[in-house]
Amino acid sequence: MAIRAVAFDIGGVLEQVAPIESLLERWRVRLSLDEPAFRAAIGTIQLQGTVTGDQDEAEVRRQYSQALRLTPDQADEFMAELWDWYCGELDTELFDWALSLRPRYRTAIVSNSGDGARREEFRRHPLAGNFDPVIYSHEVGLAKPDPRIYLLLCERLGLGPAEVAFLDDAPANIEAARELGIHGVLHRSTPESVAALSSLLDQ
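The sequence shown begins at 0 in numbering that gives the first Met the number 0 and counts up one residue at a time.
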C-alpha cells in the first residue's frame, strides 16, 4: 500500500533544540546558587504530567518559581526564556523538504508537548496551514509512545497505518509506530532522514 502522508515530531526534528542544561546554568549563575543547591532545588520539580495535559503552564511556572524562589518579575523572565529554549530554531532544510511533499502527500505533526506549545510554536514558526493534523499530546491526553496517539493520527488523516510514514528522534516512539504498521524513521540528521523518507516514498 502506497504512503500517502508523512508525520513529523517537532522538538529535536523540525526544531533544533539545545539541551535544557544551557538554560538552567544561566539561571544558576544569575541566582548565585552553587551547583549542589541548584541541583537540589531543580530536583524538587515534578512535571511529568505536562505532556498529557494534567499540569498546565501555570503549574510549570509555579513549580519553578517555588523551587528557585523567583520573584514575579524573575518568573516572567524565566518563562519567556523557557519558551525560547523549548521552541528552539526551525530546521529550515527539513521544513522546506516537508513543504515540498505537498500536495502530493499530506503532512502532519505528532508532538509530545506542554500547555502553551501551540501558541508559542505557531507564533515562532510557520507551522499553521502547512501540517494537518497537528496533534499535541497535552491537548489529546495521549503521549508517545502510547499506541493510541498513532491510531488517532491515522484516524484524523483518514488513512491506514501502512499509508503513513513517521519521523521522530526517540527510538521508543519509532518502535511503537512500527508495531502498528506505520513506516517509522529514526531521525539522526536531516540529510539521513530526507534520504530515508524519500526512499520510502519512491517505493
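Even for Gly, the Cβ is constructed at its ideal location relative to N, Cα and C.
In summary, D8 is buried, with 16 or more beta-carbon neighbours lying within 10 Å of its beta-carbon over all protein chains present. A distance below 9 Å separates the beta carbons of E162 and I2.
Contact annotation: L156 and P132 have beta-carbon atoms nearer than 9 Å. Q54 is classed as buried because its beta carbon has at least 16 other beta carbons within 10 Å across all chains shown. Apart from sequence neighbours up to five positions away, the residues of its chain that approach F37 with a beta-carbon distance below 6 Å are R27, ordered along the chain. Contact annotation, L158 with L196: C-beta distance approximately 16 Å; criterion of less than 8 Å not satisfied.
Contact between W84 and A17 holds, with the beta-carbon distance rounding to 7 Å and staying under 8 Å. By the beta-carbon neighbour count (other beta carbons within 10 angstroms, threshold 16), G48 is exposed. Taking every protein chain shown into account, the CB of I173 has 16 or more other CB atoms within 10 angstroms, so this residue is buried. Excluding residues up to 5 positions away in sequence, Q54, V59 and Q62 lie with their Cβ nearer than 7 Å to the Cβ of L46 in the same chain.
If only uninterrupted beta strand (DSSP E) runs of at least 3 residues are considered, those enclosed by the stretch 48-131 are 105-110. Note on geometry: alpha-carbon atoms of A127 and T43 lie some 36 Å from one another. Three or more Cβ pairs drawn from the stretch 135-146 and the stretch 103-115 lie within less than 8 Å of each other, which places the two stretches in contact.
Distance from the CA atom of E24 to the CA atom of E34, rounded to whole angstroms, is 9 Å. With a cutoff of 9 Å on beta-carbon distance, R105 and E138 are scored as not near each other. For H137, the uninterrupted alpha helix (DSSP H) segment begins and ends at S136 to V139. The DSSP-derived three-state label of A164 is strand. If you draw a straight line from the Cα of E88 to the Cα of M0, it comes to about 35 Å. At least 9 Å separates the beta-carbon of L185 from that of V5. For L185, the enclosing beta strand (DSSP E) covers residues H182 to L185. If you check the CB distance, R147 and D168 do not come in under 9 Å.
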